[in-house]
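Engineer: Residue numbering for the sequence shown follows this note's numbering, starting at 197 and increasing by one per position.
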Amino acid sequence: MSTRASEGQFARLIASPTERGGDDPIFALNAEATRRARAGEDVLNSTLGTLMDEEGRIAVLPSVCEAFRRIGPERTAGYAPIAGPPAFLDAVVRDVFGPSALAGSTVAVATPGGSGALYLAVTSFLEPGQSLLTSSFYWSPYQTIAQQTGRGLETFDMFSADGGLNVHALERALERDRVRQGRTLLFLNTPCHNPTGYSLDERDWTALVPVLERAAERTRLTVLVDVAYARYAPGDPARWIAWLEPLCGAATLLVAWSASKSFAQYGARVGACLAVESDAEERERTRAALGHACRGTWSNCNHLGMLAVTECLTDAGLAAAVQRERGALRELLAERARRFTELARTARLVLPRYEGGFFVTVFTPDPERTAAAMRQRGVYVVPIPGAVRVALCSTPLCAVPRLVEALAHGVRAAQERPT
Ligand code: PLP
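(1) Return yes when at least one heavy atom of the ligand PLP lies under 6 Å from the C-beta of Ser456, else no.
(2) For Met197, does the three-state DSSP call read helix, strand or coil?
(3) With DSSP as the reference, label Tyr576 as helix, strand or coil.
(4) Opposite Asp422 in the DSSP bridges: which residues?
(5) Kindly give me the distance between the Cβ atoms of Cys589 and Leu247, rounded to whole angstroms, as I take these residues to be in contact under 8 Å.
(6) Write down every uninterrupted run of the alpha helix (DSSP H) in the segment 492-562 whose length is 4 residues or greater and which is fully enclosed by it, in chain order.
(7) Roughly how many angstroms lie between the CA atoms of Cys508 and Ala517, to the nearest whole one?
(8) Check for me: the beta strand (DSSP E) holding Phe352 runs from which residue to which?
(9) Hey, how far is the Cα of Val578 from the Cα of Ile222?
(10) Please confirm whether any heavy atom of the ligand PLP lies closer than 6 Å to the CB of Ser311.
(11) Between the segment 307-315 and the segment 464-475, do at least 3 Cβ pairs fall closer than 8 Å?
(12) Does the distance from the CB of Ala583 to the CB of Thr542 come in under 7 Å?
(13) Roughly how many angstroms lie between the CA atoms of Val303 and Ala207, to the nearest whole one?
(14) In the DSSP assignment, find the unbroken alpha helix (DSSP H) run with Leu285 in it and report its ends.
(15) From Met197 to Gln205, what distance separates their C-alpha atoms?
(16) Where do the N-terminal and C-terminal ends of the alpha helix (DSSP H) with Ser259 fall, by residue?
(17) May I have the straight-line CA-CA distance separating Phe536 from Gly360, to the nearest angstrom?
(18) Cβ of Thr591 within 7 Å of Cβ of Ser259?
(19) Thinking just about the alpha-carbon of each residue, which of Asp358, Val318 and Ala540 is nearest to the one in Thr345?
(20) Thinking just about the alpha-carbon of each residue, which of Ala609, Gly552, Ala533 and Glu538 is nearest to the one in Glu564?
(21) Based on DSSP bridge pairs, tell me the residues matched to Gly467.
(22) Within the continuous alpha helix (DSSP H) that includes Thr272, where are the two ends?
(23) Taking buried to mean at least 16 other C-beta atoms within 10 Å of its own C-beta, is Leu384 buried or exposed?
(24) Report the rounded CA-to-CA distance for Pro277 versus Asn496, giving the unit in angstroms.
(25) Considering only the beta carbon of each residue, do Trp453 and Val288 sit closer than 7 Å?
(26) Roughly how far, in whole angstroms, is the beta-carbon of Leu404 from the beta-carbon of Leu417, given that I think they are within contact range, below 8 Å?
(27) Return the CA-CA distance between Leu547 and Pro433, expressed in angstroms with no decimal places.
(28) Any idea what DSSP makes of Phe223, helix, strand or coil?
(29) Considering only C-alpha positions, which residue in the set Met570, Gly501 and Phe559 is nearest to Gly309?
(30) Ile254 by DSSP, collapsed to three states: which one?
(31) Mapping DSSP to helix, strand and coil, what is Ala276?
(32) Looking at the unbroken alpha helix (DSSP H) that takes in Leu361, where does it start and where does it end?
(33) What residue range does the beta strand (DSSP E) around Ala586 cover?
(34) Output the distance between the C-alpha atoms of Ile210 and Leu381, rounded to the nearest integer angstrom.
(35) If you check the beta carbons only, do Val292 and Gly487 fall under 7 Å apart?
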């Protein structure tokens, strides 16, 4: 019988997932670039968010590899505790909050990467059918996670005319949320936002905090800070804590923590969701809810990865080596960024303020057209609404001039095309 299973009465997959693309678009572009390179073409692949060295090999931290070697198989063969090993959770809370008093009001659970923490936030702090709120430029899996969990995603215009955070647009979006769903789950990805490399500065925070305080008086507010790239920020990566501290009590503060970038261990799938709740009873309810969600979703996380990362965070010698080695990677990125911004200025490309991290974006009137024109020249970037995302993390310094030339060509192609 030739009837296709996807047709009529023989469709066994329920309707909604059938309509979803199975491939993450970024991974699909990466696969195409890799295929062309393997076929012998001279391809520059600036799509994937993995930090590569100047020779195009994945950058690893030798001290982290040493930590992995130290952990014996007999320690890792068993299941990890559902919420994560207590020593791991303590170390992560210390890594995020340091001496801040917020550490004392924090509960934490282990998650498979920062993605797991985002999943827990969406499913624990939004009812089905409600939407999370984030900036108009955002990491596309935010949308995937929302869709997969029966939630939605709404945005506010990220930038105002002067290039700063558009706090007025955020305030309007908070009010819309209040009226529509009586709560807000706000995702802020700072410092080193993906895809722009933007970090909230003193001016942004000064305008933002009173807006959040007002919103917290009127609605149920949860603010999630996604710190996936924080360790690549210049200066103090924890500047945001002092700004959000006064909000605690009035709002719930979540942190999506990830070892993927900070320890250059993307495949280890180590992360954590931290929740700051000043009320002790609410804190325990939150701990129970998050633990239950872990059990009902992935059961428990990668034991080896969590033990190795704990070692990196708690062994003074290893911790110092990690800092040193990561510092070298940060400098590598900074050098690429300096070259990129210098050439981009000459080529009159328009981009948001870059402060560190793996990516920059270049504004264009037609992102698909820009990316397609660049692909014709063998250069791969990711089209996103209003811009293309450029992974400096995977672009060697010597390829930056080619990248900028291709970008200039791609943006010109978009401008010339009648829309
Ligand atoms: N948040 C942002 C903005 C990211 O770009 C990423 C990874 O690319 C993550 C969170 C989570 O990454 P992972 O699940 O690998 O920890």
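For every residue, glycine included, the Cβ atom is placed at its ideal position computed from N, Cα and C. It should be emphasised that the depicted structure is a prediction, and the values quoted were computed from it without experimental measurement.
Structural biologist: For this structure:
(1) Stepping through the sequence shown from its first residue, residue 456 is reached at position 260. Yes, the beta carbon of Ser456 sits closer than 6 Å to at least one heavy atom of the ligand PLP.
(2) In the sequence shown, counting from the first residue as 1, residue 197 sits at position 1. Residue placement at Met197 is poorly supported in this model, since its pLDDT is 47, which falls under 50; the coordinates still yield a value, given next. Looking at Met197 - three-state DSSP - the assignment turns out to be coil, as it is neither helix nor strand.
(3) Along the sequence shown, one-based indexing puts residue 576 at 380. Tyr576: strand per DSSP, three-state reduction.
(4) Taking the sequence shown and counting its residues from 1, one reaches residue 422 at position 226. Its beta-bridge partners are Ala452.
(5) Here the question's residue 589 lines up with position 393 in the sequence shown. Here the question's residue 247 lines up with position 51 in the sequence shown. Going by Cβ atoms, the distance from Cys589 to Leu247 rounds to 4 Å, so yes, they are a contact pair.
(6) 499-510 and 512-542
(7) The count along the sequence shown starts at 1 and reaches residue 508 at position 312. The count along the sequence shown starts at 1 and reaches residue 517 at position 321. The straight-line gap from Cα to Cα measures roughly 9 Å.
(8) Looking up residue 352 in the sequence shown gives position 156. That run of the beta strand (DSSP E) goes Gly348 to Phe352.
(9) Reading the sequence shown from its first residue, position 382 is the one you call residue 578. Reading the sequence shown from its first residue, position 26 is the one you call residue 222. Roughly 7 Å separates the two Cα atoms.
(10) What you label residue 311 is simply residue 115 of the sequence shown in a count that begins at 1. Set against 6 Å, the gap from the CB of Ser311 to the closest heavy atom of the ligand PLP is smaller.
(11) yes
(12) Within the sequence shown, numbered from 1, the residue matching residue 583 stands at position 387. Within the sequence shown, numbered from 1, the residue matching residue 542 stands at position 346. When the beta-carbon positions are compared, Ala583 and Thr542 stay at least 7 Å from each other.
(13) By 1-based counting over the sequence shown, the position of residue 303 is 107. By 1-based counting over the sequence shown, the position of residue 207 is 11. The alpha-carbon atoms of Val303 and Ala207 are separated by roughly 43 Å.
(14) By one-based count along the sequence shown, residue 285 stands at place 89. Here the alpha helix (DSSP H) through Leu285 covers Pro282 to Phe293.
(15) Mapped onto the sequence shown, residue 197 falls at position 1. Mapped onto the sequence shown, residue 205 falls at position 9. Any reading at Met197 must be qualified, since the residue scores a pLDDT of 47, below 50, and its modelled position is unreliable; the value itself is stated next. One C-alpha to the other measures close to 14 Å.
(16) Counted from its first residue, the sequence shown places residue 259 at position 63. Looking at the DSSP string, the run of the alpha helix (DSSP H) that includes Ser259 is Pro258 to Arg266.
(17) Numbered from its first residue, the sequence shown carries residue 536 at position 340. Numbered from its first residue, the sequence shown carries residue 360 at position 164. Their backbone Cα atoms lie some 21 Å apart in a straight line.
(18) The count along the sequence shown starts at 1 and reaches residue 591 at position 395. The count along the sequence shown starts at 1 and reaches residue 259 at position 63. No, the pair does not count as a contact, with Cβ atoms beyond the cut-off.
(19) Against the sequence shown, residue 345 aligns to sequence position 149. That would be Val318, whose Cα lies nearest to the Cα of Thr345.
(20) What you label residue 564 is simply residue 368 of the sequence shown in a count that begins at 1. Checked all of Ala609, Gly552, Ala533 and Glu538; the closest Cα to Glu564 is Ala609.
(21) Here residue 467 corresponds to residue number 271 of the sequence shown, with the count starting at 1. Residue pairing from DSSP places Gly467 in a beta bridge opposite Thr307 and Ser454.
(22) The count along the sequence shown starts at 1 and reaches residue 272 at position 76. Run containing Thr272: Pro269 to Thr272, per the alpha helix (DSSP H) assignment.
(23) For the purposes of this step, residue 384 is taken as residue 188 along the sequence shown, with counting starting at 1. Buried, since its Cβ has 16 or more Cβ neighbours within 10 Å.
(24) As a position in the sequence shown, residue 277 is number 81, starting the count at 1. As a position in the sequence shown, residue 496 is number 300, starting the count at 1. When rounded, the distance between both Cα atoms is 7 Å.
(25) Counting from one through the sequence shown, the residue named residue 453 turns up at place 257. Counting from one through the sequence shown, the residue named residue 288 turns up at place 92. The answer is yes: Cβ separation under 7 Å.
(26) In the sequence shown, counting from the first residue as 1, residue 404 sits at position 208. In the sequence shown, counting from the first residue as 1, residue 417 sits at position 221. Not really, about 13 Å apart at Cβ, beyond 8 Å.
(27) Reading the sequence shown from its first residue, position 351 is the one you call residue 547. Reading the sequence shown from its first residue, position 237 is the one you call residue 433. Each residue's alpha carbon lies about 22 Å from the other.
(28) As a first step, residue 223 must be located in the sequence shown, where it is residue number 27. Here Phe223 sits in helix by DSSP.
(29) In the sequence shown, the residue the question calls residue 309 occupies position 113. If we check each option's Cα against that of Gly309, Gly501 comes out closest.
(30) Taking the sequence shown and counting its residues from 1, the one referred to as residue 254 is at position 58. Here Ile254 sits in strand by DSSP.
(31) Here residue 276 refers to the residue found at position 80 when the sequence shown is read from its first residue. In the structure shown, Ala276 sits in coil (DSSP, three-state: anything other than H, G, I, E or B).
(32) Walking along the sequence shown from the start, residue 361 turns up at place 165. Leu361 -> no alpha helix (DSSP H), and no H or E assigned at all.
(33) What you label residue 586 is simply residue 390 of the sequence shown in a count that begins at 1. Before going on, a small fix: residue 586 reads as Val here, not Ala. Element bounds for Val586: Ala583 to Ala587.
(34) Start at 1 with the first residue of the sequence shown, and residue 210 comes out as number 14. Start at 1 with the first residue of the sequence shown, and residue 381 comes out as number 185. The straight-line gap from Cα to Cα measures roughly 28 Å.
(35) As a working mapping, residue 292 is identified with position 96 in the sequence shown. As a working mapping, residue 487 is identified with position 291 in the sequence shown. Cβ distance not < 7 Å, so Val292 and Gly487 don't count as in contact.
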